[in-house]
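Peer 1:
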Ligand code: 13P
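In our numbering, the protein residues as written are 1 to 257.
1. How big is the Cα-Cα spacing for residue 18 and residue 150?
2. Just checking residue 192 against the ligand 13P - is the residue's beta carbon closer than 7 Å to any of the ligand's heavy atoms?
3. Near residue 207, what residues of its chain come up, given a Cβ to Cβ distance below 7 Å and the 5 sequence neighbours on each side ignored?
4. Would a C-beta distance cut-off of 8 Å place residue 54 and residue 25 closer than the cut-off?
5. Between the Cα of residue 67 and those of 56, 30 and 46, spot the shortest distance and give me the residue it belongs to.
6. Taking DSSP as the reference, what is the three-state secondary structure of residue 157?
7. Taking 7 Å as the cut-off, is the beta-carbon of residue 96 closer than that to any non-hydrogen atom of the ligand 13P?
8. The ligand 13P and residue 106: does any heavy atom of the ligand fall closer than 7 Å to the residue's C-beta?
9. Please classify residue 1: is it buried, with 16 or more other beta-carbons within 10 angstroms of its beta-carbon, or exposed?
10. Considering only residues of the stretch 215-240, which uninterrupted alpha helix (DSSP H) runs meet the minimum length of 4 residues and lie entirely inside it, listed in chain order?
11. At a threshold of 7 Å, does residue 18 count as lining the ligand 13P (C-beta to nearest heavy atom)?
12. Would residue 43 pass as a contact of residue 95 if the rule is Cβ separation under 8 Å?
13. Can you name the residues that DSSP bridges to residue 84?
14. Below 7 Å, is the gap between the Cβ of residue 237 and the nearest heavy atom of the ligand 13P?
15. Can you confirm whether residue 162, when its beta carbon is compared against all beta carbons of chain B, has any partner nearer than 8 Å?
16. Beta carbon of residue 172: closer than 7 Å to some heavy atom of the ligand 13P?
17. Return the CA-CA distance between residue 220 and residue 256, expressed in angstroms with no decimal places.
18. Quick check on this structure: which residue in 65, 244, 88 and 64 has the alpha carbon closest to the alpha carbon of residue 74?
19. If you measure between the beta carbons of residue 218 and residue 182, is that distance less than 8 Å?
20. Using 8 Å as the threshold, is the stretch 137-148 in touch with the stretch 95-115, meaning 3 or more CB pairs across them?
21. Does the distance from the C-beta atom of residue 194 to that of residue 213 stay below 8 Å?
22. Under 7 Å: does the beta carbon of residue 273 sit that close to some heavy atom of the ligand 13P?
23. Name the DSSP bridge partner or partners of residue 132?
24. Taking all protein chains shown into account, decide if residue 124 is buried (16 or more other Cβ within 10 angstroms of its Cβ) or exposed.
25. When you compare the CB positions of residue 155 and residue 115, do they come within less than 8 Å of one another, or not?
26. Use the C-beta contact count for residue 161: other C-beta atoms within 10 angstroms, 16 or more gives buried, fewer gives exposed.
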């Protein structure tokens, strides 16, 4: 059984940054500094308006995967302003973020919507990266495991056992996103272990092959120790992915296997 992506995974979520002009400049500098890799997976999630610029930049670099940050719960139709799995795939995307905490908390994305989007993503042959994570209040109330397991179950609810093994997870504690407060490798590992256990009860032995990334204030200084932690198969990075030189250094991190 092969993994959906080679690990470790280095995923850049540019959020609402880098228009096409910046994206082109970033990609030129990044690709110069990072020769083709075959021992890790490189993903970039630009703004949908910059997708074409990144797709064009990687046309000779099949080792780099581009994705979209958000899609609608319907594929096509009268939904002004939305992105679609079908259109994203046609435009060159191969992956999609589902249930990012900013979508959940700023835009009201529900657990139910994440389940629907995971289904649509696989139907459109996109690799879905399902994001889960607790808020500070939920953590302080001792509800972390309950919250991430609820989000996981909802995200996977419309998938068969075989399909569950096609997904990628990202654990992103909301209190660690953009705050400079990173979960310790032990904290991340503990929750990844909980997620792995839930995957195992759904997908048996295949669960061991489902990558679980960590996200939340990952940077050059902490990436190596996070990736060395048990069950941390990759990183999903916001702020520290915006500078081409800094991101190039992060994706070249030596990882102990
Ligand atoms: P930061 O790396 O800026 O904390 O963002 C994490 C994130 O939300 C990635 O999806």
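Cβ coordinates follow ideal geometry from the N, Cα and C atoms, glycine included.
Peer 2: The relevant details are as follows:
1. 33 Å
2. no
3. 196, 199 and 200
4. no
5. 46
6. coil
7. no
8. no
9. Confidence at residue 1 is low in this model, with a pLDDT of 44, below 50, so its placement is unreliable and the value that follows should be read with caution. Label assigned to residue 1: exposed.
10. 223-228
11. no
12. yes
13. According to DSSP, which records beta bridges pairwise, residue 84 is partnered with nothing at all.
14. yes
15. Checking the listed chains, one finds no chain B in this structure; it contains a single protein chain.
16. yes
17. 16 Å
18. 88
19. yes
20. no
21. no
22. Nothing about residue 273 can be read from this structure; the chain reaches only from 1 to 257.
23. 171
24. buried
25. yes
26. exposed
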